[in-house]
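>
There are 2 protein chains.
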Amino acid sequence: MTPIAHGDDNSGAERSPEERLREHLKSRNLRITPERLTVLHGAMTQSGHFDAEELLEALRRSNRPVSRATLYRTLDHLAEAGLVKRHHFQEGHARFESNFNRAHHDHMVCERCGQVIEFVSEQIEALQEEICEQHGFRAHGHVHQIFGLCKDCQAEHS
Amino acid sequence: MTPIAHGDDNSGAERSPEERLREHLKSRNLRITPERLTVLHGAMTQSGHFDAEELLEALRRSNRPVSRATLYRTLDHLAEAGLVKRHHFQEGHARFESNFNRAHHDHMVCERCGQVIEFVSEQIEALQEEICEQHGFRAHGHVHQIFGLCKDCQAEHS
DNA sequence: CTGACTGCAAAATGTTTGCAGATTC
DNA sequence: GAATCTGCAAACATTTTGCAGTCAG
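Line order of the protein sequences matches chains A and B.
Residue numbering for the first sequence follows my numbering, beginning at 1 and increasing consecutively.
Residue numbering for the second sequence follows my numbering, beginning at 1001 and increasing consecutively.
In structure tokens form, the structure reads like this:
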């Protein structure tokens, strides 16, 4: 039974993100440009989840602005290279998350205070693999988000 | 151990969708209009998942056209009333699913052809409850999507 | 009658694309 | 030098909103 992927593709995590991006681009005859390295660096140093607009603004603030078009085009490459994960949650737009040297995890999100609790369950992971096998489905990743009220907000809310 | 909710709110599933919508609207001093009933019936008779455009077209074809604006506004009400579920898969737009007398299930989504496979695992559900309890988290629902390649697309892609 | 609803068209998002000039290899 | 990039602005796709007239209660 092959371990299920999580979109991590963290094989080769010993190499730096930059090395990995360089390699990815080279292998496709794409060019290594300052803009792409800027976006990479920005994405790697964002804390937690971020969307395109947030990253754009962060780069602008750190005086290394990049055009919206280049940002979107580069995020595609980073996702393909497995350096970021792209999520489509309940919102109408994509959110990203650095995927470098980051262990797989899922999320509980408090609907009241927005707190995010990470969780991992090997048992759930194993069950997912089983289900995929049963359907001949080759998993690339998954989103598993539980939403509700965290401990604090339950107390406060009573 | 309280069973985890899935955002279904399928309590009162014995009443017809129309009764449930009427009740929902009445309780908020909203009006019961032909258009809203049309959208409701359309949504209930779509097979499987559908998006706004598909429903709009279906209603048009069955000679009960509704404006795009009304469709979107009504889908919000249906979702609030728990009569449909709104999903955000890998695409940039929402897909809906009738939630009337529908048991809880999660999804595998093919990234290539968009096919959606439903799955349920009592074991995973139970593990989720456990995890929530461990964190003192009160779950209201969850999103569990596995994305990857379906059987057909794996073959075709080889 | 009054406030909510509808359709329309315009606006607002979030993302993609065509193009001309700049840049990487 | 050739092919790929970048930024810009325009195009797109989806969803939301303002408004004037219509309709449910």
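Don't be surprised by glycine CBs; every beta carbon is placed ideally from N, CA and C.
What residues of chain B sit near Ile146/A, judged by a beta carbon separation below 9 angstroms?
Residues of chain B passing the Cβ test: Ile1004, Gln1128, Ile1131, Cys1132, Phe1137, Ala1139, His1140, Gly1141, His1142, Val1143 and His1144.
> In the DSSP assignment, what residue or residues form a beta bridge with Gln49/A?
Correcting the residue type first, residue 49/A is His in the shown sequence and not Gln. DSSP, once it has assigned bridges, lists Glu97/A as partnering His49/A.
> When the Cα of Arg28/A is compared with those of Cys110/A, Gln134/A, Asn63/A and Ala81/A, which residue comes out closest?
Taking only the C-alpha atoms, the option nearest Arg28/A is Ala81/A.
> Does DSSP classify Arg1061/B as helix, strand or coil?
Three-state DSSP puts Arg1061/B in a helix.
> So the alpha helix (DSSP H) Ala1081/B belongs to, where does it begin and stop?
Note, Ala1081/B: premise wrong, no alpha helix (DSSP H); not H, not E.
> When you compare the CB of Phe89/A with every CB in chain B, is at least one pair closer than 8 angstroms?
Closer than 8 angstroms: yes.
> Is Phe1186/B near Asp1051/B, with beta carbons less than 8 angstroms apart?
The question about residue 1186/B has no answer here: the residues shown for chain B are numbered 1001 through 1158.
> Mapping the DSSP letters down to three states, classify Ile131/A as helix, strand or coil.
Ile131/A: helix per DSSP, three-state reduction.
> Tell me, please, which residues DSSP counts as bridged to Ile1117/B.
Ile1117/B is bridged to Met1108/B.
> Are Ala43/A and Val84/A closer than 8 angstroms when you measure CB to CB?
It is a contact, given that the beta carbons lie within the stated cut-off.
> For Leu55/A, collect the residues of the same chain with a Cβ closer than 7 angstroms to its Cβ; drop the 5 residues on either side in sequence, then sort them by chain order.
Excluding residues within five positions, the ones whose Cβ falls inside 7 angstroms are Gly42, Ala43, Gln46 and Leu71.
> Step through the CB atoms of chain A and report whether any lies within less than 8 angstroms of the CB of Gly1012/B.
The predicted position of Gly1012/B is uncertain, since its pLDDT is 49 and thus under 50; no value can be drawn from it.
> Output yes or no for whether 8 angstroms exceeds the beta carbon distance between Arg36/A and Leu21/A.
Cβ atoms of Arg36/A and Leu21/A: closer than 8 angstroms.
> Determine the direct distance from the alpha carbon of Val1066/B to that of Cys110/A, and round the result to whole angstroms.
Looking at the two C-alpha atoms, the distance is approximately 37 angstroms.
> Does any residue of chain A bring its CB to less than 8 angstroms from the CB of Met1044/B?
By this cut-off, Met1044/B is not an interface position.
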